[in-house]
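*Asks:* I'd like to ask some things about the structure below.
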Amino acid sequence: MARFVGAMKRAAPWAARNADGAIALVLAIVVGVLGIMPDDVFGPRPRGQEIQDQLVSAATLVILALVATALLRDRLRQAPVERTITSGALAELPVRLARMEQIETLAHSTRRALDSLQLVRVLASRQEIAQSHAEARKDTARWSFKGGTGTYLRAVTLPACVAAARRDKRHLTVRVEVIDPTDAEVCEAYAHYRRSLADSPDATGETWTTDRVRKESYATILAAFWHRQRYGLLDIAVGLSRTMTTFRWDLSSTRLIMTVEDPNMAMTALAGTFYYENCDTELRLSFEQARRVPLEMYKKAPLSDEPTIEEVQELFEQIGMALPKSYDGRDVVDIARKALRAVDPYS
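Take a look at the structure:
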């Protein structure tokens, strides 16, 4: 008995909160009991059967009424919640999305600000270096290069920059400084330096020799004339240096990239930073001291889309830089191939 009383006390609060449901449950039990009781309990037939049916029908109606009441009550309880969700969280959703967009914009602005404050950033992979070059080429109006023989310049930078400028019909200024191919000493010094780093062929599949250095520089000169003849808004100049450098500078309107012989290491600085501005000055002064290639004579020796041996030889004779007499047709073809189909050293 005590257990029953305890159970009733524990069930009483629940029954009070859910009175309609509790009553419906009790009545359902009563209807069930009435349905299985013998007919003669309510009197002799057929009067007993009629009373039983009336009790079951009445109890069923009461149960339905209580169920409907419970449903209406639940809807009334849910209405404020739905109004809160609809008028509150959903109404604030556009505002919150706008705030998230503002936060994202702020994060990008902060990243750009940190990059601009950073003097130099190190690039530690071929992918990073290639991506940095791609960002530097984007919409740039000028490009300055100083390095060894300009292989990457011929393979990627110059064709890509000229193609972008032609697509947008805008002016492009390019300044290139490479090793003087007519100076045997500097060509030998550069070849010796590259061989000392690795005796095996590089990414282009060739080893570095004095003759290769000479041909690579000749190829850069030929590529400059070839592109100048095909795009009238290209202002390109080539300077020849009698000293070698272990660095390669690529400078656009937006950033500087300094690479070394290790294809997985480089440095970059954004325009406006101390390092960028000083390197820009250094490249200008160095170019002024280099021997100029007379690119203004680009009309004197027209080049075909696929330059012939005679066209290449004629070009270098016209600019006062005749190719070595030891060069035969295969050497001239090799120079033309390097000029227009250079292999990307970072590929």
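At the far end of the sequence shown sits residue 1179, using the working numbering, and the numbering has no gaps.
Cβ atoms here follow ideal geometry from the backbone N, Cα and C, with glycine treated the same way.
Computed from a predicted model, the values in this text were never measured in an experiment.
1) Is it buried or exposed, Glu924, if we count other Cβ atoms within 10 angstroms and call 16 or more buried?
2) Throw me the rounded Cβ distance for the Gly979 and Trp1081 pair, which I believe falls under 8 Å.
3) Name the two residues that bound the continuous beta strand (DSSP E) containing Asp1082.
4) Can at least three beta-carbon pairs, one atom from the stretch 998–1013 and one from the stretch 969–988, be found at a separation below 8 Å?
5) For Lys1047, report the span of its alpha helix (DSSP H) as first-last.
6) To the nearest whole angstrom, what separates the beta carbons of Ala1133 and Gln1150, a pair I think is in contact under 8 Å?
7) Among Asp1163, Leu1127, Thr1014, which residue has its Cα nearest to the Cα of Glu1142?
8) Which first and last residues belong to the alpha helix (DSSP H) in which Asp1067 is found?
9) In three-state terms, what does DSSP make of Ala1168?
10) Considering only their Cβ atoms, is the gap separating Cys1019 from Arg1046 smaller than 7 Å?
11) With the cut-off set at 7 Å, would you say Leu955 and Ala1098 are in Cβ contact?
12) Are the beta-carbon atoms of Thr972 and Ser1084 separated by less than 7 Å?
13) Count the other CB atoms within 10 Å of the CB of Asp1094; is the residue buried (16 or more) or exposed (fewer)?
14) Quick check: the Cα distance between Leu929 and Ala939, rounded to an integer number of angstroms?
15) In the structure shown, what three-state DSSP assignment does Glu1009 receive?
16) Check whether the Cβ atoms of Thr1039 and Ala1023 sit closer than 7 Å, and answer yes or no.
17) Our contact map puts Pro926 next to Thr1036 with C-beta atoms below 8 Å; I'd like the distance itself, whole angstroms only.
18) By the three-class DSSP mapping on this structure, what secondary structure does Ser1118 have?
19) Using DSSP's beta-bridge definition, name the partner residues of Met1099.
20) Which residue marks the beginning of the alpha helix (DSSP H) containing Arg999, and which one marks its end?
21) Among the candidates Val1175, Thr1086, Ala1051, whose CA atom is the shortest distance from the CA of Leu1147?
22) For Ile961, count neighbouring Cβ atoms within 10 angstroms of its own Cβ and tell me buried if that reaches 16, exposed if not.
23) Whole angstroms is fine: what's the gap from Ala968's alpha carbon to Gly1104's?
24) Measure the alpha-carbon distance for Ala997 versus Ala966 and round it to whole angstroms.
25) Over the uninterrupted alpha helix (DSSP H) stretch that includes Gly1028, give me the two end residues.
26) To which residues of the same chain is Arg1026 closer than 6 Å at the C-beta, ignoring the five residues directly before and after it?
27) Would you list the residues sitting across from Ala1124 in a DSSP beta bridge?
28) Please return the same chain residues whose Cβ sits closer than 8 Å to the Cβ of Gln1061, not counting the five positions on each side in sequence.
29) Are the C-beta atoms of Asp1012 and some chain D residue less than 7 Å apart?
30) In chain order, what residues of the same chain lie with their CB nearer than 7 Å to the CB of Ala1122, ignoring the 5 residues before and after it?
31) Among the candidates Arg1087, Asp1166, Gly1161, whose CA atom is the shortest distance from the CA of Phe977?
32) Quick check on the DSSP output: the alpha helix (DSSP H) that includes Glu1138 runs from which residue to which?
33) Of the residues Ile1089, Arg1124, Gly1161, which one's Cα is nearest the Cα of Ser964?
34) Can you name the residues that DSSP bridges to Lys978?
35) Quick one: what's got a C-beta closer than 7 Å to Thr1014's C-beta in the same chain, skipping five residues either side?
36) Note down the Cα distance separating Thr1078 from Ser941, rounded to an integer number of angstroms.
*Replies:* Taking the coordinates as given:
1) exposed
2) About 7 Å; that satisfies the 8 Å criterion.
3) Its beta strand (DSSP E) spans residues 1080–1084.
4) In short, these stretches touch, since the Cβ pair count reaches three.
5) 1042–1062
6) 5 Å
7) Asp1163
8) Segment 1066–1073 is the beta strand (DSSP E) holding Asp1067; no alpha helix (DSSP H) there.
9) DSSP places Ala1168 in helix when its eight states are reduced to three.
10) Remark: C-beta atoms of Arg1046 and Cys1019 approach each other more closely than 7 Å.
11) yes
12) yes
13) exposed
14) Each residue's alpha carbon lies about 15 Å from the other.
15) Looking at Glu1009 - three-state DSSP - the assignment turns out to be strand.
16) no
17) Not confirmed; about 56 Å, so no contact.
18) helix
19) Val954, Met1090
20) Looking at the DSSP string, the run of the alpha helix (DSSP H) that includes Arg999 is 990–1000.
21) Ala1051
22) buried
23) 14 Å
24) Approximately 14 Å, taken between the alpha carbons.
25) Looking at the sequence provided, one finds Ser at residue 1028 rather than Gly. Residues 1016–1029.
26) Trp1040
27) What sits at residue 1124 in the sequence shown is Arg, not Ala. DSSP, once it has assigned bridges, lists Gly1071 as partnering Arg1124.
28) Tyr1130, Lys1131, Pro1134, Leu1135
29) Any reference to chain D falls outside this structure, which holds one protein chain only.
30) The residues Glu1009, Gly1071, Leu1072, Ser1073, in chain order, have a CB closer than 7 Å to that of Ala1122 in the same chain once the five nearest residues on each side in sequence are set aside.
31) Arg1087
32) Element bounds for Glu1138: n/a, residue is neither H nor E.
33) Per the C-alpha coordinates, the member of Ile1089, Arg1124, Gly1161 positioned closest to Ser964 is Ile1089.
34) Glu1009, Trp1081
35) Met1153
36) 35 Å
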